[in-house]
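Number of protein chains: 4
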Amino acid sequence: MEVADKKVALFEAVIALIEDGVDINSLKVSDITNRAGIGKGTAYEYFRSKEEIIIQALFYDVGRRIEKIRRLLRQNMNTRDRIFTIFQWMETDARQKSSFTQLFQMATGSFEFSNSLKEKMDSQEGYCREINEILMAFVEAGVKEGVFRPELAPALQRTALVSQFMSFVLYFHQEEISESVSVEQMKEFLYGNIMKMLG
Amino acid sequence: MEVADKKVALFEAVIALIEDGVDINSLKVSDITNRAGIGKGTAYEYFRSKEEIIIQALFYDVGRRIEKIRRLLRQNMNTRDRIFTIFQWMETDARQKSSFTQLFQMATGSFEFSNSLKEKMDSQEGYCREINEILMAFVEAGVKEGVFRPELAPALQRTALVSQFMSFVLYFHQEEISESVSVEQMKEFLYGNIMKMLG
Amino acid sequence: MEVADKKVALFEAVIALIEDGVDINSLKVSDITNRAGIGKGTAYEYFRSKEEIIIQALFYDVGRRIEKIRRLLRQNMNTRDRIFTIFQWMETDARQKSSFTQLFQMATGSFEFSNSLKEKMDSQEGYCREINEILMAFVEAGVKEGVFRPELAPALQRTALVSQFMSFVLYFHQEEISESVSVEQMKEFLYGNIMKMLG
Amino acid sequence: MEVADKKVALFEAVIALIEDGVDINSLKVSDITNRAGIGKGTAYEYFRSKEEIIIQALFYDVGRRIEKIRRLLRQNMNTRDRIFTIFQWMETDARQKSSFTQLFQMATGSFEFSNSLKEKMDSQEGYCREINEILMAFVEAGVKEGVFRPELAPALQRTALVSQFMSFVLYFHQEEISESVSVEQMKEFLYGNIMKMLG
DNA sequence: CATGAATGAGGGTTCATTCAT
DNA sequence: CATGAATGAACCCTCATTCAT
Numbered sequence: 001m002e003v004a005d006k007k008v009a010l011f012e013a014v015i016a017l018i019e020d021g022v023d024i025n026s027l028k029v030s031d032i033t034n035r036a037g038i039g040k041g042t043a044y045e046y047f048r049s050k051e052e053i054i055i056q057a058l059f060y061d062v063g064r065r066i067e068k069i070r071r072l073l074r075q076n077m078n079t080r081d082r083i084f085t086i087f088q089w090m091e092t093d094a095r096q097k098s099s100f101t102q103l104f105q106m107a108t109g110s111f112e113f114s115n116s117l118k119e120k121m122d123s124q125e126g127y128c129r130e131i132n133e134i135l136m137a138f139v140e141a142g143v144k145e146g147v148f149r150p151e152l153a154p155a156l157q158r159t160a161l162v163s164q165f166m167s168f169v170l171y172f173h174q175e176e177i178s179e180s181v182s183v184e185q186m187k188e189f190l191y192g193n194i195m196k197m198l199g
Numbered sequence: 200m201e202v203a204d205k206k207v208a209l210f211e212a213v214i215a216l217i218e219d220g221v222d223i224n225s226l227k228v229s230d231i232t233n234r235a236g237i238g239k240g241t242a243y244e245y246f247r248s249k250e251e252i253i254i255q256a257l258f259y260d261v262g263r264r265i266e267k268i269r270r271l272l273r274q275n276m277n278t279r280d281r282i283f284t285i286f287q288w289m290e291t292d293a294r295q296k297s298s299f300t301q302l303f304q305m306a307t308g309s310f311e312f313s314n315s316l317k318e319k320m321d322s323q324e325g326y327c328r329e330i331n332e333i334l335m336a337f338v339e340a341g342v343k344e345g346v347f348r349p350e351l352a353p354a355l356q357r358t359a360l361v362s363q364f365m366s367f368v369l370y371f372h373q374e375e376i377s378e379s380v381s382v383e384q385m386k387e388f389l390y391g392n393i394m395k396m397l398g
Numbered sequence: 399m400e401v402a403d404k405k406v407a408l409f410e411a412v413i414a415l416i417e418d419g420v421d422i423n424s425l426k427v428s429d430i431t432n433r434a435g436i437g438k439g440t441a442y443e444y445f446r447s448k449e450e451i452i453i454q455a456l457f458y459d460v461g462r463r464i465e466k467i468r469r470l471l472r473q474n475m476n477t478r479d480r481i482f483t484i485f486q487w488m489e490t491d492a493r494q495k496s497s498f499t500q501l502f503q504m505a506t507g508s509f510e511f512s513n514s515l516k517e518k519m520d521s522q523e524g525y526c527r528e529i530n531e532i533l534m535a536f537v538e539a540g541v542k543e544g545v546f547r548p549e550l551a552p553a554l555q556r557t558a559l560v561s562q563f564m565s566f567v568l569y570f571h572q573e574e575i576s577e578s579v580s581v582e583q584m585k586e587f588l589y590g591n592i593m594k595m596l597g
Numbered sequence: 598m599e600v601a602d603k604k605v606a607l608f609e610a611v612i613a614l615i616e617d618g619v620d621i622n623s624l625k626v627s628d629i630t631n632r633a634g635i636g637k638g639t640a641y642e643y644f645r646s647k648e649e650i651i652i653q654a655l656f657y658d659v660g661r662r663i664e665k666i667r668r669l670l671r672q673n674m675n676t677r678d679r680i681f682t683i684f685q686w687m688e689t690d691a692r693q694k695s696s697f698t699q700l701f702q703m704a705t706g707s708f709e710f711s712n713s714l715k716e717k718m719d720s721q722e723g724y725c726r727e728i729n730e731i732l733m734a735f736v737e738a739g740v741k742e743g744v745f746r747p748e749l750a751p752a753l754q755r756t757a758l759v760s761q762f763m764s765f766v767l768y769f770h771q772e773e774i775s776e777s778v779s780v781e782q783m784k785e786f787l788y789g790n791i792m793k794m795l796g
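Residue numbers (the working numbering), protein chains in the order written: chain A, 1 to 199; chain B, 200 to 398; chain C, 399 to 597; chain D, 598 to 796.
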């Protein structure tokens, strides 16, 4: 447990730094360990390289957040509530410079980080797959509930869903629109869009 | 003009390297100048730092592509044709690791590059505004044409539009779906979504 | 006694590692203590530094081996038998990467180990003196026995002796010759050389 | 040629440091470049690693010295003169902590330096072979001249020769003997030994 | 102007040593 | 006492930037 504690302390430090706006590519080991309140050398008792720390930190964070949304969605509710639950979750957990954004960038392929760690990047798909599973379950439940059209290919339904969730992320990054449209209005608009596309 | 030539040569080199899959954060000055076929020191005759080169290169590329889509959209056509024109443009110009993707990442905020250059990042909004203008003109034309509902706030119409364009980018990054759904099917699906949301 | 046991355990570990082919300059404290089966910190209860451990280990090993050859040579025998006894001893005790080789390298001066420990290096001459005593006693006995010429300065006689013993060490390091000449042939050749030089 | 100059400057710096008594294993890149009068980074324009610098420096030095002894031995002379020529050469070129000593230690196998460069160590045998060739030519010439017994296997003749040359090196490292026996006396003694063994 | 050789600041990593348990 | 987790000094190497030619 001690070991896990130290690892987690480093993870939290990485996440905190990212949320503070430090670019992932300019994170220094000393920054991380200082933030974690431990010595520079100590990090190497638990990880073999800086990259290992950062990547595992991202995975740790994303995993934690995915677990959370999973738990939230397990509660019985209808599709509308589920969609708003996801909006709520994104608002608190997947906003800004969080590791969710990092993940998204991984998905678009530009997060290379280092040539030697592409292998690890593949296991990242593990999380993509997890997210995908959540989305597919979401789609399935919507169909079962009778609010999503069953004849539409699930992959396309998922695409439509994701498009509105991405819009929600973008909303937070566009000062201009977030000033003229309230969060609640935006949620209703996006929800309406989903229903128009899939209903 | 000589000067502009050298600058452009450097820009093209940066763009070529990015399209070759080199991560933007691991671009080296020597790589860029070698690719541009000029001496390493020469780059510093025209730019004050590596970051200046790269950022201006991205802007150069994005600007050129925006100019292209502007020109394409100036041709008289209906909304459907305009949407497919944009799809077409994205397919050839904004695919992969292009500067469009980079721009998108700038938009989501994680492309910091360096703490000392945040100021330059702000001028990036210049391009965002340009893109925004294009989109707003697009919306306006759709309304004028009678295919987009006029009562919907333009900012929301734009959001809906962008969501489907983003989905198109994502489509190219998801092997799983790009294998089961053809590009044409996806275009039709996304077009349909736009019409459902805005029509 | 406990204390001595721990020290000896560390010495044996150092010697074992050297005989395993680990370079003396890349020995790590953790390697040594792991091999000795004790905790890393414990080593510092008995020694002030890594270098102290290693140097003392070498001395311990060399001292033990010298004691052995002393004992062997105390048995009454003639010069020829004594020479072959030394060959035999070298074959089993002073071969390979043993501390004898290390000692030899100390003698040729290149084993510095660290600038701060030159003082300790001087005490190393203690062992040189011991070896020297053995050799001088050897020479004296040879003269007394009447097989070594008495008119030759003992220091020179010793030089001649050592030259053939060194050749024996070298023999083990030259695959080319150790394949074409058997150990016994080599011993006879070197013995003959000694007699030619000193007889 | 410029390039070669820089390389040679680094080689000379390494050699000078070694002759100053700095241990080969504690040479720092900054020491070397400071001594060579160039910037630290510059070394990496010509070599890929510190080890490459040091190893090539040793080879450079040994090669140069071997070339010198070759040239000296090419002059027509009898065996006695050749032996004294080698003594002379050792006195000026192969004394002390020179790269010759380093080479000798490589030969006895304890110069590991680094695990990743064992391959290069094999090419070191190139020099061993060169030295061997010189010695074998020496033996052959002695036999042809009629001063070395032809019936003795060349490998054994070489062993005998080397034993006395090694004794000469040792002589310089033993204050005790170098104080009581003059260099010339030692040379005559060792020469006499060679003739007794091989004549 | 154009160059690329030279530079050195900066950062990742190792490992001897310490000290709280 | 014994331990091994924690530490940070030390060092190799990279690469953006400079400047003499």
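In this text, a Cβ means the ideal position worked out from N, Cα and C, and glycines have one as well.
All values reported here derive from a predicted model rather than from experimental measurement.
### Task
Express the C-alpha separation of F283 (chain B) and E339 (chain B) in angstroms, rounding to a whole number.
17 angstroms
### Task
For the region 646-662 of chain D and the region 747-760 of chain D, state whether three or more C-beta atom pairs, one from each stretch, are separated by less than 8 angstroms.
no
### Task
Assuming K794 (chain D) and K594 (chain C) form a contact by the criterion Cβ under 8 angstroms, report the distance between their Cβ atoms to the nearest whole angstrom.
Contrary to the premise, residue 794 (chain D) reads as Met rather than Lys in this sequence. The pair is a contact, with the Cβ atoms about 6 angstroms apart (cut-off 8 angstroms).
### Query
Should T33 (chain A) be labelled buried (16 or more other beta-carbon atoms within 10 Å of its own) or exposed?
buried
#### Entry: Simplified DSSP state of A402 (chain B), which is helix, strand or coil
The requested residue 402 (chain B) does not occur in the structure, where chain B is confined to residues 200 to 398.
### Query
Three or more C-beta pairs closer than 8 angstroms, one from the region 360-380 of chain B and one from the region 413-426 of chain C: is that the case here?
no
### Query
My guess is that G398 (chain B) and V342 (chain B) are in contact by the Cβ rule of under 8 angstroms, so how many angstroms apart are they, rounded?
Actually they are not in contact, since the Cβ atoms of G398 (chain B) and V342 (chain B) sit about 11 angstroms apart, beyond 8 angstroms.
### Message
Quick check: A441 (chain C) and A411 (chain C), are their CB atoms within less than 7 angstroms of each other?
### Response
no
### Chain-ordered residues of the region 604-618 of chain D with a beta carbon less than 9 angstroms from chain C
I615 and G618
### Query
What residues from chain D crowd round I575 (chain C), counting only those whose CB sits closer than 9 angstroms?
A752, L753, R755 and T756
### Message
Helix, strand or coil, according to DSSP, for K207 (chain A) in the structure here?
### Response
Residue 207 (chain A) lies beyond the stretch modelled for chain A, which goes from 1 to 199, so this question has no answer here.
### Query
Hey, out of C:L568, C:A455 and C:F536, whose CA is closest to C725 (chain D)'s CA?
C:L568
### Task
Run through the region 155-194 of chain A for me and flag every whole alpha helix (DSSP H) of 4 or more residues, listed as ranges in chain order.
175-180
### Task
Check D416 (chain B) in the structure and name its three-state DSSP category.
Nothing can be reported for residue 416 (chain B): it is not among the residues displayed for chain B, which extend from 200 to 398.
### Task
Pull up the distance between the alpha-carbon of Y390 (chain B) and that of E244 (chain B), whole angstroms please.
48 angstroms
### Query
Does the Cβ of V619 (chain D) have 16 or more other Cβ atoms within 10 Å, making it buried, or fewer, making it exposed?
buried
### Task
Tell me whether the beta-carbon of A160 (chain A) lies closer than 7 angstroms to the beta-carbon of N224 (chain B).
no
### Reduced DSSP secondary structure (H/G/I, E/B, other) of F445 (chain C)
coil
### Query
Are the C-beta of F189 (chain A) and some C-beta of chain B separated by less than 7 angstroms?
yes
### Message
Does K267 (chain B) pass the burial test, meaning 16 or more other C-beta atoms within 10 Å, or should it be called exposed?
### Response
exposed
### Task
Show which residues of chain A have a CB atom less than 8 angstroms away from the CB atom of V380 (chain B).
A153, A155 and L156
#### Entry: Positions along the region 662-681 of chain D whose CB lies within less than 8 angstroms of some CB in chain C
none
### Task
Anything in chain C within Cβ reach of M763 (chain D), meaning under 7 angstroms, just list it in chain order.
S561 and M564
### Task
Using three-state DSSP, classify T241 (chain B) as helix, strand or coil.
coil
### Query
Within 7 angstroms (strictly less), CB to CB, does E119 (chain A) reach chain B?
Summary for E119 (chain A): the model assigns pLDDT 49, below 50, so the residue's position carries little reliability; its value from the coordinates is reported in the next sentence. False, the Cβ-Cβ gap to chain B never drops below 7 angstroms.
### Task
For the region 21-33 of chain A, enumerate the residues whose C-beta is nearer than 8 angstroms to any C-beta of chain B, in chain order.
G21, V22, D23, I24, N25 and S26
### Task
Could you name the residues of the same chain whose beta carbon sits closer than 6 angstroms to that of D491 (chain C), not counting the 5 residues immediately before and after it, in chain order?
R463
### Message
Assuming S30 (chain A) is part of the alpha helix (DSSP H), what are its boundary residues?
### Response
V29 to A36
### Query
Closest by CA to E528 (chain C), which one among C:A407, C:R468, C:L408 and C:Q454?
C:R468
### Query
chain D beta carbons: is any one of them nearer than 7 angstroms to that of K594 (chain C)?
yes
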